[in-house]
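Comments concern the structure below.
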Amino acid sequence: MANYDVKKVSRMTDISVDTVHHYVKKFRKFFPGLRRGKFNALIFSNEDVEFLIRIRTMNKMDNLTLSEIKKIIKDEHNNVKVTKKEEVVNNREEENLKIDTLERPLEKFPIEKLENFENMLTGIQEEYKNLSENNALVLSETEELKTKSEDLKNMMSLIYTKMNHIELRQQKIIDEVNKGFWTKLKAMFLKPIRVPFLWRF
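The sequence shown lines up with residues 1388 to 1588 when you count with our numbering.
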């Protein structure tokens, strides 16, 4: 928000400093944002500057005295206050009506609509019950499938263990067969040859 001192306002509006002070003294309570700053100096807002220009226009252009201007502005402020007061009263009445309606909703509600709502609520409750039962069934089946899956997993592990055991036994048998074969072959070829004894004559 812009803040202006008296000299700045005087230059902006082409109203002398003395006249500005005179307007402030005469219409002090009607300025929207006028305040005091350091050393008690007047500080004006944009709205205050517009208000000064309006007073000056009414005084010089419309040839109205300051007393007449003050009466017009006072009437405007009173009308604004009355309007705001009426708005507050109307808002309070609306709020009271809403509260009254909320406190006693069934008194002004048609019976047919209430019956429809009750039927809808019953249907929703039944559907929720069915969904809950189906959900319980699905959970049960899921647990059963999980158990079967674990059983299958254990069976597969057992099968793999047995297959490894069989492979080891097969390898052992093959090794033993190979070992016996080479032993026999070795015995056959490395068997000492018996040469018959020759007598010398």
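Glycine included, each C-beta is placed from N, C-alpha and C at the ideal position. Remember, predicted model here, so these are calculated numbers, not experimental data.
Legend entry - Span of the alpha helix (DSSP H) around residue 1410: Counting along the chain, the alpha helix (DSSP H) containing residue 1410 begins and ends at 1404-1414.
Legend entry - Alpha-carbon spacing of residue 1430 relative to residue 1392, whole angstroms: Roughly 5 Å separates the two Cα atoms.
Legend entry - Proximity to residue 1424 [Cα-Cα], best of 1464, 1390, 1526, 1552: Among 1464, 1390, 1526, 1552, the Cα nearest to that of residue 1424 is on 1390.
Inset, instruction - Starting from the C-beta of residue 1457, find all residues in its chain whose C-beta is less than 7 Å away, skip the five residues before and the five after it, and write them out in chain order. - result: Counting only Cβ-Cβ distances below 7 Å, and skipping sequence neighbours, we find 1413, 1414.
Inset, instruction - Report the partner residues of residue 1391 according to the DSSP bridge assignment. - result: According to DSSP, which records beta bridges pairwise, residue 1391 is partnered with 1431.
Inset, instruction - Below 8 Å on the Cβ atoms is my guess for residue 1435 versus residue 1421; work out the distance and round it to an integer in Å. - result: For residue 1435 against residue 1421, the beta-carbon gap comes to about 5 Å, under 8 Å, which counts as contact.
Legend entry - Beta-bridge pairing of residue 1422 - partner residues as DSSP gives them: Its beta-bridge partners are 1430.
Legend entry - With 16 other Cβ atoms within 10 Å as the buried cut-off, status of residue 1555: Exposed: under 16 other Cβ atoms inside 10 Å.
Inset, instruction - Could you tell me the distance, in whole angstroms, from the CA atom of residue 1399 to the CA atom of residue 1406? - result: Taken atom to atom, the span from the alpha-carbon of residue 1399 to that of residue 1406 is near 14 Å.
Legend entry - Within 8 Å, strictly: CB atoms of residue 1439 and residue 1446: For the pair residue 1439 and residue 1446, the CB atoms are not nearer than the 8 Å cut-off.
Legend entry - From 1433, 1427, 1426, residue whose alpha carbon lies closest to that of residue 1418: Among 1433, 1427, 1426, the Cα nearest to that of residue 1418 belongs to 1433.
Inset, instruction - Check residue 1398 in the structure and name its three-state DSSP category. - result: If DSSP states are grouped into helix, strand and coil, residue 1398 belongs with the helices.
Inset, instruction - Tell whether a beta-carbon distance below 8 Å holds between residue 1416 and residue 1404. - result: Contact: no.
Inset, instruction - Please classify residue 1534: does DSSP put it in a helix, a strand, or coil? - result: Here DSSP, grouped into helix, strand and coil, assigns residue 1534 to helix.
Inset, instruction - Find out if the Cβ-Cβ distance for the pair residue 1410, residue 1442 is shorter than 8 Å. - result: Between residue 1410 and residue 1442, the C-beta gap is smaller than 8 Å, which places the two residues in contact.
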